[in-house]
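Q:
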Amino acid sequence: MEFNENMHPDGGYQEQYVPAESVGVYTAKTFLWMFFGLLVTFLTAMGLVQTGLILVVYSIPSVFTVLFVVEVAVVLILSARIHKMSVVSARVLFFTYAVLNGIVFSAYLLIYDVFSLILVFGATALYFGGMAIFGWVTKADLSRIRNVLVGGLIFLIVFGLLSMFIPGLEVFERLLCLAGIAIFLAFTAYDTQKIKAYYAAYQGDDVMLKKASIFSALELYLDFINLFLYLLRLLGRRRR
Numbered sequence: 003m004e005f006n007e008n009m010h011p012d013g014g015y016q017e018q019y020v021p022a023e024s025v026g027v028y029t030a031k032t033f034l035w036m037f038f039g040l041l042v043t044f045l046t047a048m049g050l051v052q053t054g055l056i057l058v059v060y061s062i063p064s065v066f067t068v069l070f071v072v073e074v075a076v077v078l079i080l081s082a083r084i085h086k087m088s089v090v091s092a093r094v095l096f097f098t099y100a101v102l103n104g105i106v107f108s109a110y111l112l113i114y115d116v117f118s119l120i121l122v123f124g125a126t127a128l129y130f131g132g133m134a135i136f137g138w139v140t141k142a143d144l145s146r147i148r149n150v151l152v153g154g155l156i157f158l159i160v161f162g163l164l165s166m167f168i169p170g171l172e173v174f175e176r177l178l179c180l181a182g183i184a185i186f187l188a189f190t191a192y193d194t195q196k197i198k199a200y201y202a203a204y205q206g207d208d209v210m211l212k213k214a215s216i217f218s219a220l221e222l223y224l225d226f227i228n229l230f231l232y233l234l235r236l237l238g239r240r241r242r
């Protein structure tokens, strides 16, 4: 789920260009978009629980399946069409995904203890922040581990699907959570470093820089959310 980070969409060479903002400012704005996405997700989840609309939403047949399909579709559209769509369209899709995820996350507010959710969120923010800093400052080329990360992600998806149909795989839940945490921590560092690659690749094209920022924000948002979910499965305490 990424677009070409090595070539300017117009091809060829660019005239010398003085960027309007530094890579540091550009990165900070990208993380701010990610934060806004998380905020929208939280407010959506809280709104559904506090108003009782969560009961209406979950009374819809196959609602989780529908939400899953729509979420995947939004991510695929944003990934495949990022070059052609407008900046506004990219932002609308990003926040649409955040709202949809908020509907899903409203269930966790009912299932898990509030203190447990706060604790896991704090741990997620700490680990995520540490790996983001590492990804920003490291001189190592993290693109070398991309294939390993993609392979790990496929493993998590396949194992998760199999555990739904094959009894007994639940005994590996703890190991699966630890693997998921490790994979998304590594993805956090990798995706943070990619922000600088996008910045370098699209200098001279302010529109593509803005769209790349939204795309990176989505990647980081997904890293944070998945890290949170695996930590919650590992450490979370359910309501009694």
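Residues in the sequence shown are numbered consecutively from 3, following our numbering.
Built from N, CA and C at the ideal position, the CB exists for glycine as well.
Since we're looking at a predicted model, the values are computed, not measured.
Are there 16 or more other CB atoms within 10 angstroms of the CB of Gln-16, so buried, or fewer, so exposed?
A: For Gln-16, the pLDDT reaches just 45, beneath the cut-off of 50, and the residue's location in the model is therefore unreliable, leaving the point undetermined.
Q: Out of Met-210, Leu-222, Glu-23 and Ala-142, which one is the CA nearest neighbour of Ser-88?
A: Met-210
Q: The alpha helix (DSSP H) with Asp-225 in it runs from where to where?
A: In the DSSP annotation of this structure, the continuous segment of the alpha helix (DSSP H) that includes Asp-225 starts and ends at 208-237.
Q: Which residue from Glu-175, Lys-212, Leu-178 and Leu-220 puts its Cα closest to that of Thr-194?
A: Leu-220
Q: For my contact list, His-151 and Ile-185 are in at a C-beta cut-off of 8 angstroms; report their separation, rounded to the angstrom.
A: The question names His, but residue 151 in the sequence shown is Leu. That belief holds up - the Cβ atoms of Leu-151 and Ile-185 are roughly 6 angstroms apart, short of 8 angstroms.
Q: Got a sec? Which residues, its chain only, sit under 8 angstroms from Phe-33 by beta carbon, not counting five neighbours each side?
A: Ala-134, Ala-219 and Leu-222
Q: Could you tell me the boundaries of the alpha helix (DSSP H) in which Lys-141 lies?
A: That residue, Lys-141, is in no alpha helix (DSSP H); it is neither H nor E in DSSP.
Q: What is the rounded straight-line gap between the Cα of Leu-80 and the Cα of Phe-44?
A: 22 angstroms
Q: Counting only the same chain and skipping the five closest in sequence on each side, list residues whose C-beta sits under 7 angstroms from that of Ala-214.
A: Tyr-200 and Tyr-204
Q: Who are the near neighbours of Ala-191 in its chain, counting only those whose CB is closer than 8 angstroms to its CB and skipping five residues on each side?
A: Only Met-133, Ala-134, Phe-136, Gly-137, Thr-140 and Leu-144 meet the Cβ criterion.
Q: Return helix, strand or coil for Arg-240, following the three-state DSSP convention.
A: Collapsing the DSSP output to three states places Arg-240 in a strand.
Q: Have a look at the DSSP bridge pairing and note the partners of Tyr-204.
A: Answer is none; Tyr-204 lacks a bridge partner.
Q: Look up Tyr-60 in the DSSP assignment and say whether it is helix, strand or coil.
A: coil
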